[in-house]
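Shown next, in structure tokens, is the structure this report addresses.
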Amino acid sequence: MHELIDDLKDIELAIFDLDGVIYLGDTLIPNADNIIKEFKDHSIKVVYNSNNSTATRQTYVEKLRNFNIKSEISDFYTSASITSVEITKIKKNAKIFVIGEKGLRTELQSLGHTIVTRPNDYKDIDFVIVGLDRDFKYSNLAIAQKCILEGGAKFYATNADPTLPVARGLKPGAGVMVNALMTCTGKEPIKIFGKPEECGINMILSDTQISAEGTCIFGDRLNTDILAGNRAGIKTIMVLTGVTSMEMIEELKNDFKNSNLSDRNLLPNIVINKLDDVFKKK
Ligand SMILES: [Mg+2]
Numbered sequence: 010m011h012e013l014i015d016d017l018k019d020i021e022l023a024i025f026d027l028d029g030v031i032y033l034g035d036t037l038i039p040n041a042d043n044i045i046k047e048f049k050d051h052s053i054k055v056v057y058n059s060n061n062s063t064a065t066r067q068t069y070v071e072k073l074r075n076f077n078i079k080s081e082i083s084d085f086y087t088s089a090s091i092t093s094v095e096i097t098k099i100k101k102n103a104k105i106f107v108i109g110e111k112g113l114r115t116e117l118q119s120l121g122h123t124i125v126t127r128p129n130d131y132k133d134i135d136f137v138i139v140g141l142d143r144d145f146k147y148s149n150l151a152i153a154q155k156c157i158l159e160g161g162a163k164f165y166a167t168n169a170d171p172t173l174p175v176a177r178g179l180k181p182g183a184g185v186m187v188n189a190l191m192t193c194t195g196k197e198p199i200k201i202f203g204k205p206e207e208c209g210i211n212m213i214l215s216d217t218q219i220s221a222e223g224t225c226i227f228g229d230r231l232n233t234d235i236l237a238g239n240r241a242g243i244k245t246i247m248v249l250t251g252v253t254s255m256e257m258i259e260e261l262k263n264d265f266k267n268s269n270l271s272d273r274n275l276l277p278n279i280v281i282n283k284l285d286d287v288f289k290k291k
């Protein structure tokens, strides 16, 4: 067993972002499987927190199994599952119009909500919830617009990531769909439940009963993973295998020095090139 770096030696719970940290699209980031296993060998609880709302948590279990990483449904906190839990606190058995994919629809349905695809009366719709939709359609945007403007439905979003990292660069993220609906309604989402909102991390801390001091998050995006982690008071570790480069972090540090930016929560506690760097070099 390798020895963890001093910064991580008291960690009991490690939260991993998925895209850009564990894999890029359908490609495992080299050695991520072994690192997860070593964390578990160190008796560190491992959970996954992704802003990607397109897949069900069961799909993630299978995806990680294909990478030789063992996991259970309850190990996953996606922006879809977090949104579903939080929406249920606002209203039970709601009627919802979704711009999004199977992951979001399934998580909402599993908690008793009804997904309406063709509303007869826009006033019937309680919520419009927007997530990443890789089959995004003008006709659905038009329905969502009417639900909000004519029916008075409340507008929520899973996340607003501008891009989605895949094996060969970047694709458009959920923020594109959220912004489309903002543009045609003149309204902002009442709440965006995914990172950088810290409610997902707080849900994890509450479910695992592990303190913020004993918890860290590994992420590849400053304005989601790192910001959420710092807001929740856990240790934040930037891994440079996804969308963020060392130059971007240096630029941000310079902005702080020149007082162009005020939110120090964007800066990670630790920056590592790859997950292997969590272990001391022999
Ligand atoms: Mg990521």
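Counting with our numbering, you get residues 10 to 291 for the letters of the sequence shown.
C-beta: ideal position from N, C-alpha, C; glycine also.
Since this is a predicted model, take the numbers as computed values, not measurements.
Quiz item: Within 10 angstroms of its Cβ, does K244 collect 16 or more other Cβ (buried), or is it exposed?
Solution: Position 235 of the sequence shown, counted from the start, is the residue given in the question as residue 244. When all chains shown are included, K244 counts as buried.
Quiz prompt | Per-residue DSSP class, three states only, for L190 | solution = Taking the sequence shown and counting its residues from 1, the one referred to as residue 190 is at position 181. Three-state result, L190: helix.
Practice problem: To the nearest angstrom, report how far apart A189 and N149 are at their CA atoms. | Solution: As a working mapping, residue 189 is identified with position 180 in the sequence shown. As a working mapping, residue 149 is identified with position 140 in the sequence shown. Near 11 Å, if we compare the C-alpha coordinates of N149 and A189.
Exercise. On the DSSP bridge assignment, give the partners of L13 in chain order.
Key: Taking the sequence shown and counting its residues from 1, one reaches residue 13 at position 4. Answer is F288, bridged to L13.
Exercise. State yes or no: is the C-beta of G29 nearer than 6 Å to some heavy atom of ligand 1?
Key: Position 20 of the sequence shown, counted from the first residue, corresponds to residue 29. The answer is yes for G29.
Practice problem: Identify which residue in G140, I124, R143, D142 has its Cα closest to the Cα of I134. | Solution: Taking the first residue of the sequence shown as position 1, residue 134 is located at position 125. Checking every option, the nearest Cα to that of I134 belongs to I124.
Quiz item: Quick check: the stretch 96-116 against the stretch 75-86, are there 3 or more CB pairs under 8 Å?
Solution: no
Quiz prompt | Between the CA atoms of L214 and Y86 - distance to the nearest angstrom | solution = Against the sequence shown, residue 86 aligns to sequence position 77. Against the sequence shown, residue 214 aligns to sequence position 205. Near 11 Å, if we compare the C-alpha coordinates of L214 and Y86.
Practice problem: Give a single yes or no on whether G251 has its beta carbon closer than 6 Å to a heavy atom of ligand 1. | Solution: Along the sequence shown, read from residue 1 onward, the residue named residue 251 stands at position 242. G251: yes, Cβ under 6 Å from ligand 1.
Quiz item: Who does K54 pair with in a DSSP beta bridge?
Solution: In the sequence shown, counting from the first residue as 1, residue 54 sits at position 45. Its beta-bridge partners are L22.
Self-check item: Between the CA atoms of P181 and T253 - distance to the nearest angstrom
Solution: Looking up residue 253 in the sequence shown gives position 244. Looking up residue 181 in the sequence shown gives position 172. Cα to Cα, the separation comes out at about 16 Å.
Quiz item: At what residue ranges does the stretch 141-207 contain a whole run of the beta strand (DSSP E), taking only runs of 3 or more?
Solution: 163-166, 172-175, 178-181
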